[in-house]
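Using numbering that gives the first Met the number 0, read the sequence shown as starting at 0 and increasing by one per residue.
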Amino acid sequence: MTCLVLRFKHIVRTTNIITVLILTAVLAIPAVAADTIKLSVDASRSGPKIDRNIFGQFAEHLGHGIYEGIWVGPDSKIPNTRGIRNDVVQALKAIKVPNVRWPGGCFADEYHWRKGIGPANQRAVTLNPNWGGVTEPNTFGTNEFMDFIDQIGSQAYVSVNVGSGTPQEAAEWLEYMTADPQTTLGKERAANGHPAPYLVPYLGIGNESWDCGGNMSPEYYLSQMKIYSRFVRNYNPAQQKGDQQMLKIAVGPGGDGPRWTDWTETIMKAYSQHTWSWDINGLSMHNYTVIKWPPAYVATGFGELEYAQILQKTLEMDSLINKHAAIMDAYDPDKKVALVVDEWGAWYAKTPGSHEGFLVQQNSQRDAVLAALNLNIFARHAERVRMANIAQMVNVLQAMILTDNEKMLLTPTYHVFKMYLPFQDATFVPVSFDAGTYKFGEVTLPRVDAIAAKDINGKLWLAITNLDPNQPVDINASIAGINAKSLTGETLTAPKVDSINTFDAPNTIVPKPISTKAQNGSLILQVPPKSVTVVAVE
Ligand code: AHR
């Protein structure tokens, strides 16, 4: 590109016709040659709602996810509001995070909520054996989490401790959070600074109970889950009816294969026979994009092969959802129970030199493409997948935000979440296109992916991902049902597949404007290689 610019300047300085001809030849080099992909949308057709909750986040007490990433304490020199860092809050507000899952992950099944309430200097210091064995100061507890949720304008998805807790402990936690101050626990919350009951719209009954959450068989978990579902009540007067009622999410599968289909089958079969005394509204599914275990693929400093392999792996999300959704359909044809993909994202080898167990990894343009592909898969399964939580929000795994003391950067994944804002609660519109193919070595991938939706104001949007890391693609969009005159929006690409934003160069990967106007009845938009593009149809 620099080379093209230099040549162009040279030509402008001369009026030599031969040089102009050279420019023409230079601009025609393959780097800008694009194949055309036809994409058709009928704006008058509509599908299910793309629930805004598929853009949910996950914040676990893990590494610098909470401490430093969100919580710096009121005495920190990092600007904060009641201990919560302002820069992170501002960035998260801008992506309208619909819900935050907390306090874990594996941490949740060893979390005892009472240690995280009351005067900060009297809180117990415990250990975090799951994640590096570090001390857990418990200074970020229930009230701080709820304050954080409030500051970013989000909603709480609280995971209760099934593995090492009791139904009574979980029930009391919910009473502490949601009861009016007439009960002793409600009074205690009021004394801790929050007289009004908190909203707890989503309740996770355990986490990975088949592994770090207690190594349970599906039958054993089911018996526990029924008890928690029955007794862990939400008392908030505003949450007693209709849409406001707390949704209970059971632990679901963690992968592909008979072990996992058996798990889904056990829970869903029981659900189909459940009586008035227990209920669930969601089944969780965890699926990371990871090749080999422990993760061997690196987050940056990789080549085209690893780019292609990771994207191939991530596309398996679709078949996994299909498998588990088919079992759910058999027992719940009305799709009352949502499939909640509450842990997803890329899991790479830890950043060299980072703390063991802190799951620190950089975030590259490959992750932006990966995020868009998964969001598109969730949108296509909108009827069943009504919630998802990328792992994790700050400083852990495929994060939105990385911090280093007072410094903060927004990752390419953050930018994808921001670009996809129009898809929150939008109405899915079917789109047809021949995806073409992109091949590298043994890996064959679709060249292009796309979804369309009408936002809450009725405007039509397209999200187009060009997986090909080398060639741009001309999208020839044919839009029926409206008189489309232009496509206008943003595109996110990068110099290389493993380009990243760093604290010294935080704007290497940022969205850039992109648009096209209809000409002779055609709307043709050239999307760059390895890019994510979101445009409004106007
Ligand atoms: O996100 C990191 C960990 O991955 C979570 O704590 C756990 O649920 C999963 O195995």
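Cβ atoms here follow ideal geometry from the backbone N, Cα and C, with glycine treated the same way.
Cut-off 8 angstroms between Cβ atoms - residues of its own chain near residue i, not counting five sequence neighbours on either side
i	result
P527	N465, P471, T490 and T492
E187	I116 and Y175
V87	G68, I69, V393, I400, T402 and M407
T299	Q361, S363, D497 and I499
P505	L408 and L409
P421	A452, D454, K458, W460, V533 and A535
D549	Outside the shown range of the chain (0 to 537) lies residue 549, about which nothing can therefore be said.
N15	Confidence in N15 is poor, its pLDDT being 40 and thus under 50, which makes the residue's placement too unreliable to answer from.
Buried versus exposed, by CB contacts within 10 Å (16 or more), residue i
i	result
H273	exposed
S521	exposed
Q121	exposed
D74	exposed
Y219	exposed
I148	buried
W460	buried
L314	buried
L409	buried
N85	exposed
Y235	Reading off the sequence, residue 235 comes out as Asn, not Tyr. So N235 ends up on the buried side.
D242	exposed
T23	The predicted position of T23 is uncertain, since its pLDDT is 36 and thus under 50; no value can be drawn from it.
I320	buried
H214	A small correction: the amino acid at residue 214 is Asn; His does not occupy that position in the sequence shown. It counts as exposed.
S276	exposed
E59	buried
I513	buried
L369	buried
W343	buried
F502	exposed
S216	exposed
N286	buried
Start-to-end residues for the beta strand (DSSP E) that takes in residue i
i	result
M392	Note, M392: premise wrong, no beta strand (DSSP E); not H, not E.
K37	D34 to D41
A195	Taken as a continuous stretch (DSSP letters only), A195 belongs to no beta strand (DSSP E), as it is neither H nor E.
K406	K406 to L409
P445	V442 to P445
I400	I400 to D403
A476	V472 to A479
T426	A425 to V428
R100	V99 to W101
S530	S530 to V536
First and last residue of the uninterrupted alpha helix (DSSP H) at residue i
i	result
V87	N85 to K92
T313	E303 to T313
M145	T141 to I151
R81	Segment: none, R81 is in no alpha helix (DSSP H) and carries neither H nor E.
N369	Residue identity check: residue 369 is Leu in the sequence provided, not Asn. Run containing L369: Q364 to R379, per the alpha helix (DSSP H) assignment.
A345	Not the alpha helix (DSSP H): A345 falls in the beta strand (DSSP E), residues A337 to A345.
P512	Not the alpha helix (DSSP H): P512 falls in the beta strand (DSSP E), residues K511 to K516.
Inter-residue CB distance, residue i and residue j (contact presumed, cutoff 8 angstroms)
i	j	result
L202	V161	At roughly 11 angstroms, the Cβ-Cβ gap does not stay under 8 angstroms, so L202 and V161 are not in contact.
D179	P200	Incorrect: roughly 18 angstroms between the Cβ atoms, too far for contact.
L374	Y306	The Cβ separation is near 19 angstroms, so there is no contact.
T125	N142	That belief does not hold up - the Cβ atoms of T125 and N142 are roughly 18 angstroms apart, past 8 angstroms.
W130	L61	4 angstroms
I279	K240	Not quite, the Cβ-Cβ distance comes to about 19 angstroms (not below 8 angstroms), so this is no contact.
V336	V384	Actually they are not in contact, since the Cβ atoms of V336 and V384 sit about 11 angstroms apart, beyond 8 angstroms.
CB contact flag (residue i, residue j, <8 angstroms)
i	j	result
Q56	V99	yes
S485	T436	no
G538	S283	Here the chain comprises residues numbered 0 to 537, so residue 538 is not present and cannot be evaluated.
I53	A387	yes
A479	A517	no
K458	V428	no
I49	F432	no
L338	K349	no
D473	D146	no
G82	V71	yes
Y347	V297	yes
V430	L38	yes
A367	V531	yes
Spatial neighbours of residue i in its chain, beta-carbon cut-off 6 angstroms, leaving aside the 5 residues before and after
i	result
V133	N127
G212	D108, G162, G205 and N206
D317	I376
Q525	A33, P471 and D473
M224	I204 and A249
A381	P47, I49 and F427
Beta-carbon proximity list for residue i, same chain, < 7 angstroms, skipping 5 on both sides
i	result
R51	P97, Q423 and D424
S153	V96, P97, N98 and V99
A27	Only weak support exists for where A27 lies, its pLDDT of 36 falling under 50; the coordinates are left without a value.
V442	A307, Q308 and Q311
Cβ of residue i within 8 angstroms of any chain C Cβ
i	result
D261	Here there is only one protein chain, and chain C is not present.
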